[in-house]
Amino acid sequence: MESKVAYDNDLNLKATELRLGLPGTDDREEQTLFSARNNKRPLPDTSKECGSKKKSDAQHVDNETAPPTKAQIVGWPPIRSYRKNNLQPKKSDQAEVAGIYVKVSMDGAPYLRKIDLGIYQGYPELLKALESMFKFTIGEYSEREGYKGSEYAPTYEDKDGDWMLVGDVPWDMFMSSCKRLRIMKGSEARGLGCGV
Amino acid sequence: MPRMGYSFPEEVLEHVFSFIQSDEDRNAISEVCRSWHDIERWSRRRVFVGNCYAISPTMVIRRFPEVRSVKLKGKPHFADFNLVPEGWGGYVAPWISAMASAYPWLEEIRLKRMVITDESLELISKSFKNFKVLVLSSCEGFSTDGLAAIAANCRNLRELDLGESEVEDLSGHWLSRFPDNYTSMVSLNIACLGWEVSFSALERLVGRCPNLRTLRLNRAVPLDKLANLLCRAPQLVELGTGAYSSELRPDVFSNLSGAFSGCKELKSLSGFWDVVPGYLPAVYPICSKLKSLNLSYATIQSPELIKLVSQCQNLQRLWVLDYIEDAGLDALAASCKDLRELRVFPSDPFGQEPNVPLTEQGLVSVSEGCPKLQSVLYFCRQMSNAALMTIARNRPNMTRFRLCIIEPHTPDYLTLQPLDVGFGAIVEHCKDLRRLSLSGLLTDRVFEYIGTHAKKLEMLSVAFAGESDLGLHHILSGCDNLRKLEIRDCPFGDKALLANAAKLETMRSLWMSSCSVSFGACKLLGQKMPGLNVEVIDERGPPDLRPESCPIDKLYVYRTVSGPRFDMPGFVWTMAENPALRLS
Chain B
1291 MESKVAYDND LNLKATELRL GLPGTDDREE QTLFSARNNK RPLPDTSKEC
1341 GSKKKSDAQH VDNETAPPTK AQIVGWPPIR SYRKNNLQPK KSDQAEVAGI
1391 YVKVSMDGAP YLRKIDLGIY QGYPELLKAL ESMFKFTIGE YSEREGYKGS
1441 EYAPTYEDKD GDWMLVGDVP WDMFMSSCKR LRIMKGSEAR GLGCGV
Chain Z
15 MPRMGYSFPE EVLEHVFSFI QSDEDRNAIS EVCRSWHDIE RWSRRRVFVG
65 NCYAISPTMV IRRFPEVRSV KLKGKPHFAD FNLVPEGWGG YVAPWISAMA
115 SAYPWLEEIR LKRMVITDES LELISKSFKN FKVLVLSSCE GFSTDGLAAI
165 AANCRNLREL DLGESEVEDL SGHWLSRFPD NYTSMVSLNI ACLGWEVSFS
215 ALERLVGRCP NLRTLRLNRA VPLDKLANLL CRAPQLVELG TGAYSSELRP
265 DVFSNLSGAF SGCKELKSLS GFWDVVPGYL PAVYPICSKL KSLNLSYATI
315 QSPELIKLVS QCQNLQRLWV LDYIEDAGLD ALAASCKDLR ELRVFPSDPF
365 GQEPNVPLTE QGLVSVSEGC PKLQSVLYFC RQMSNAALMT IARNRPNMTR
415 FRLCIIEPHT PDYLTLQPLD VGFGAIVEHC KDLRRLSLSG LLTDRVFEYI
465 GTHAKKLEML SVAFAGESDL GLHHILSGCD NLRKLEIRDC PFGDKALLAN
515 AAKLETMRSL WMSSCSVSFG ACKLLGQKMP GLNVEVIDER GPPDLRPESC
565 PIDKLYVYRT VSGPRFDMPG FVWTMAENPA LRLS
């Protein structure tokens, strides 16, 4: 059918990926997914003859390829978003309970410190805290040149074991992938700053 | 005998008309004769527009030049559940700018499900010298900057109610913009704000407004600050707490308890986020006076709920989570004989299994024990026809009945039959039923019952129900007073819609999503009925790229005297008389 070809887009693997867990395992993800302002949904089965129900948006759930686990229906049960959100504990409470503690080392300093990443709202706060903790100044961050104007560069070891410059990725991503921090000094630091 | 119109001078008629407040009555008056029509239109002070696209601001202003109070509604109800795509419409800006010049003496603006910008809020604050009431219910599009303008400029503001709006929180300091000599606040509802407002500003504001009756705080106001606020406003009638949690400390508790005791007029409580049960007894001193209690954010268990509710003998309205359990509802039925409205929300709406022992039994108990119960919203996981029939027989005075059985297509759990006869009993016994929401396994039969009996029904919500067009036909041909019909995921198609096209002009609106209405039928409807806007909402792309027989995603039909609107986003098309205008 021509219509099917006209707007039948990619296979939407991401959408089906979300459904490949046991019931309940993806609950939180599903909840944030559907309590976001998302109203895209598959057509009911009666529309089969009219071709594709697939949409380009990755958040769409494809009826035909969904595995047996229960998929959430948009807007059902009929509860306002603010109600759904209010059933979760406040974000700050969750961080207090969990605590994302990472070791911080500074080149030349005799001992390490430990900080809870969860208490900071973003990079500026974190960097300020590091500055005051170790009594030094971090330079100005730019995407191209890293931290200029200082001997030091804040770096972190990520989940893959690589050493990354603090500030390159979005804060949330950093929080979930940072294993430890290291404040590099001197030539090593400068090497990083040159965008190698 | 002289005609009535000549017997009384205009001033007398105007004086008489000033006692007539209801729109219905005023509309009737205006149809008596030309002179009554003119006198009435000059003296109408309140206008309610149930669908902002049904008429243009210019037309309203032309007919009613001396309005003081305006209420507008925008998006369809299903927007509450994310079924209406972002950007659909409901913009209030054209109304505000028209009224800014036409109604310099406007005092009240009440909006529901509309998009309002900071610019509009600023325009309101600067255009209406005697502005008194701003109610934004489930609105969006504005930030705390807009609120700052209202605070700074509206010297005579009495009421600021942000309802359940989505507000962009840029700064908590907007509250400080109320001048020091501003003292006229009567009602302040900021419960929807996600972040902190300046607490010292709030304290000072509360302290200097002697007429403050309603104060609904947001979650960010900590419990240990509440006592202080209450002591500054012992005259409060309605209070919404902030977060109701704190370390259990005897001094905080006794301060709080004392503060509550000092509020002799308190009749309504809400808030109660993050409840620490140990602090609940602080409200016991005032329970017996309470008429309204909203515990729908309180994640406390049944025993605490029972202790609380059993002391509220004068309770008329209770909103609560299903943590109350059947046992708690039994206690409610035993203690609260004046109860008029009950809403039970699900604590775990997406769980597959019931997480609490709350069943149909709880609702049956309340229907038995509370003779004045007339409004119900109930989420549960099982239901039976027998229970529904019992409820119907117990409560023929029911006017609003909304039942949500969480799993779609759930049959009577005892007989495995559809719930047709149960809901049938509801519409048959409850002759004044104005609002009904259906759920569970339902065939066309239930719609036959509804069409036959639900003669006063004004709003009907249907989801995952019915078998054929006959279902829709029963509703449209039988429900004489139907104003709003919203349907999702039902096998209703073209036939019933087209056969009852004329009915749609007697209603405010019809919403159908994920049904079987074809594009061709929508075009036909648009052509046949010039008095309707037939909006096809489809994010897949233009409907004319698909065969005409293809079902569209969403349909929104509403009567209008101002023709197709011009603020539609790319995924909305109005089916117009002129095929050339149809698609952008």
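Protein chains in written order, with my numbering: chain B, 1291 to 1486; chain Z, 15 to 598. Ideal Cβ positions, reconstructed from N, Cα and C, are used throughout, including at glycine. As the structure is a computational prediction, the values presented were derived from the model and not from experiment.
Between the beta-carbon of V390 of chain Z and that of R354 of chain Z there is about 10 angstroms, and that puts the pair past the 8 angstroms contact cut.
Residue pairing from DSSP leaves W1366 of chain B without any beta-bridge partner. As the crow flies, the alpha-carbon of F364 of chain Z is around 22 angstroms from that of S398 of chain Z. Contact with chain Z is absent for S1422 of chain B, since none of that chain's Cβ atoms lies less than 8 angstroms from the residue's Cβ.
Here A165 of chain Z is buried. Its C-beta has 16 or more other C-beta atoms within 10 Å.
Bridge pairing for P1444 of chain B: B:I1473 [DSSP]. Contact between L250 of chain Z and L229 of chain Z holds: CB atoms are separated by about 6 angstroms, below the 8 angstroms threshold. Here the region 531-551 of chain Z makes no contact with the region 478-490 of chain Z; the two share fewer than three CB pairs at distances below 8 angstroms. The criterion of a C-beta distance shorter than 8 angstroms is satisfied by K1469 of chain B and V1392 of chain B. Rounded to the nearest whole angstrom, the CA to CA distance from N242 of chain Z to P557 of chain Z is 59 angstroms. The C-alpha of A348 of chain Z lies about 23 angstroms from the C-alpha of P291 of chain Z. P1368 of chain B reaches chain Z at F95, C418, counting residues in chain order whose Cβ is nearer than 7 angstroms. Using a Cβ distance threshold of 8 angstroms, M113 of chain Z and P79 of chain Z do not count as a contacting pair. In this chain, R331 of chain Z is not harboured by any alpha helix (DSSP H); it is covered by the beta strand (DSSP E) spanning 331-335. Legend: CB atoms of the region 292-319 of chain Z lying less than 8 angstroms from CB atoms of chain B belong to residues S310, Y311, T313.
Contact between the region 1363-1372 of chain B and the region 91-106 of chain Z is established, with three or more Cβ pairs separated by less than 8 angstroms. At least one beta carbon of chain Z lies nearer than 8 angstroms to the beta carbon of G1365 of chain B.
Comparing C-alpha distances from Y392 of chain Z to each of Z:P432, Z:I338, Z:R407 shows the shortest one belongs to Z:I338.
About 5 angstroms separates the Cβ atoms of I320 of chain Z and G342 of chain Z, confirming a contact at the 8 angstroms cut-off.
Taken through DSSP and simplified to helix, strand or coil, N308 of chain Z comes out as strand.
With contacts defined by Cβ atoms closer than 8 angstroms, H51 of chain Z and E500 of chain Z do not form a contacting pair. Annotation for I1405 of chain B: the continuous beta strand (DSSP E) segment containing it runs 1403-1406. According to the DSSP assignment, V586 of chain Z belongs to no alpha helix (DSSP H) but to the beta strand (DSSP E) extending over 586-589. Residue-level contact by beta carbon holds for P363 of chain Z and chain B, with a gap shorter than 8 angstroms.
Among the residues facing chain Z, Y1372 of chain B is included, as its CB has a counterpart in that chain under 8 angstroms away. If you ignore the 5 residues before and after L1416 of chain B, its C-beta comes within less than 6 angstroms of the C-beta of Y1410, all in its own chain and listed in chain order. Considering only beta carbons, no part of the region 1397-1412 of chain B lies closer than 9 angstroms to chain Z.
For W287 of chain Z, the nearest CB of chain B lies under 8 angstroms from its own CB, placing it at the interface with that chain.
Closest option to R416 of chain Z, judged by alpha-carbon separation, among Z:S451, Z:N408, Z:P422: Z:S451.
Under the three-pair Cβ rule at 8 angstroms, the region 1423-1439 of chain B does not count as touching the region 31-47 of chain Z.
Using a Cβ-Cβ cut-off of 8 angstroms, L1377 of chain B counts as an interface residue toward chain Z, since at least one Cβ of chain Z sits closer than that to its own.
Leaving aside the five residues that flank G101 of chain Z on each side, the residues in its chain whose CB is nearer than 6 angstroms to its CB run, in chain order, P583. The count of Cβ pairs closer than 8 angstroms, one atom from the region 108-124 of chain Z and one from the region 140-150 of chain Z, reaches three, so the stretches are in contact. Pairing L280 of chain Z with L253 of chain Z gives a Cβ-Cβ distance under 8 angstroms. Three or more Cβ pairs closer than 8 angstroms define a contact, and the region 52-64 of chain Z falls short of that threshold against the region 535-549 of chain Z.
Beta-bridge pairing by DSSP links D175 of chain Z to Z:V149, Z:N203.
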